[in-house]
Amino acid sequence: MMTLLANILAIFRKELQSYFLSPLAYVVAGLFWLLSGIVFVYLLLSPNGIIQEVAIGEQSGIPMPPVDVAYIFLLRYLGIIGSLTSFIVPLLSMGLYAEERKNGTLELLATSPLTNWAVALGKLLGVLMFYITLLMPMLVLELVAFAAADPPVPPAVPLVAHVGLILLAAALLSLGMFLSSLTQSNIIAAILTFALVLLLAIMDLVGRQLGQPYEGAIAHISLIKHYENLVQGVFDSSSLFVFASYIFLGIFLTAQSIEILRFQRS
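Sequential numbering from 13 applies to the sequence shown in our numbering.
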């Protein structure tokens, strides 16, 4: 057991280090920070922002119920960040295995004493940790905004929301990792992952258009629907189960893909 954990940790460190040494990763990080900062400023401070909306409503003289600006901001902001995450995931996951295939090192992994599961899990944890580091500046901006909130924001609400964001990224990265294991082209891996993300989004939209009972059935397996629940602060064990299932599916399929390669090389 200790050997297995050590192997996973070694793969995790190697994968995480590769992202911090990759110019593309810094381009992705810069793009993510730029867009998330623009969205932050737009939602709060622009003429069409939430603060201006509330001010106009108060000046109209029409009686209105109290508006929880911080909560509305959290819903809108993380809704957009979730979409932005779906856009950058293919760029982060495309090289997880495709680069190994291209350089010929995947065969070494496939024939090494390391188990397929250990390699897949270590790689997933590495790219997920890099994604979490991308969220750090965003969290600082949110803390500044929430510090001025009146009434104060209950810590559990943004905590659950950000757990949902990380789980969404983990699920998409896990599936992207599997698609990356099928090809030696980073571009093809990114396109396949982006197509999958688009398919999941379309599936959710189609379910809403069809109505019941189809909407309910699709909602049970929809990553977007369960992400929206967590962003709203609704902690539901079924949402955690769905995300865990997608993550497990990605790791399982990746392990099987590498096992096929191991069999071909044996």
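The beta-carbon is built from N, C-alpha and C at its ideal position, and this holds for glycine as well. Because the structure is a prediction, the values reported are computed rather than measured.
In terms of residues, what are the limits of the alpha helix (DSSP H) holding residue i?
| i | result |
| --- | --- |
| P170 | A168 to S192 |
| Q29 | M14 to F32 |
| P225 | Run containing P225: none; DSSP gives neither H nor E here. |
| V246 | Run containing V246: none; DSSP gives neither H nor E here. |
| A132 | N128 to A159 |
| S98 | V81 to S105 |
| Y54 | P35 to L57 |
Can you list, in chain order, the residues of its chain whose CB lies under 7 Å from that of residue i, leaving out five sequence neighbours each side?
| i | result |
| --- | --- |
| P149 | W45 |
| V101 | A181, L184, L185, G188, T205 and V209 |
| F247 | V172 |
With distance defined between alpha-carbon atoms, name the residue in the options nearest to residue i.
| i | options | result |
| --- | --- | --- |
| L187 | A213, S105, I144 and Y31 | S105 |
| I144 | W129, A182 and V131 | A182 |
| L155 | L208, P225 and Y83 | Y83 |
| S234 | L194, P225, L151 and A213 | A213 |
| P164 | D80, I199 and L96 | D80 |
| E240 | H174, A161 and Y54 | H174 |
| G42 | L136, V218 and L147 | L147 |
| F142 | I23, A37 and I20 | A37 |
| A132 | E27, L211 and F32 | E27 |
| Y258 | Y89, F190, I20 and R25 | F190 |
| L136 | F24, S249, M14 and A256 | F24 |
| L90 | P225, F260, I236 and L273 | I236 |
| N60 | I200, R88 and S95 | R88 |
| F99 | A256, L211 and L151 | L211 |
For the putative contact between residue i and residue j, defined by C-beta atoms under 8 Å, what is the C-beta separation to the nearest angstrom?
| i | j | result |
| --- | --- | --- |
| V139 | L108 | 6 Å |
| I8 | S30 | An answer regarding residue 8 cannot be provided, because it is not within the stretch 13 to 278 covered by the chain. |
| V169 | G245 | 4 Å |
| L265 | S251 | Incorrect: roughly 22 Å between the Cβ atoms, too far for contact. |
| L177 | T97 | 7 Å |
| I337 | G134 | What is shown of the chain runs 13 to 278, which leaves residue 337 out entirely. |
With a threshold of 8 Å on Cβ separation, who are the neighbours of residue i within its own chain once the five nearest residues in sequence on each side are excluded?
| i | result |
| --- | --- |
| L56 | I62, I63, F85 and A157 |
| W129 | I263 and A267 |
| L103 | L36, V40 and A202 |
| M215 | I230 and S234 |
| P167 | none |
Keeping to the same chain, check which residues put their C-beta closer than 6 Å to that of residue i; ignore five residues upstream and five downstream.
| i | result |
| --- | --- |
| L153 | F52 |
| R113 | Q196 |
| E271 | N128 |
| N198 | M106, G107 and A110 |
| S269 | S193 |
| A161 | A82 |
| V254 | H238 |
Any beta carbon of chain D sitting closer than 9 Å to that of residue i?
| i | result |
| --- | --- |
| R25 | Absent here is chain D; the protein component of the structure consists of one chain. |
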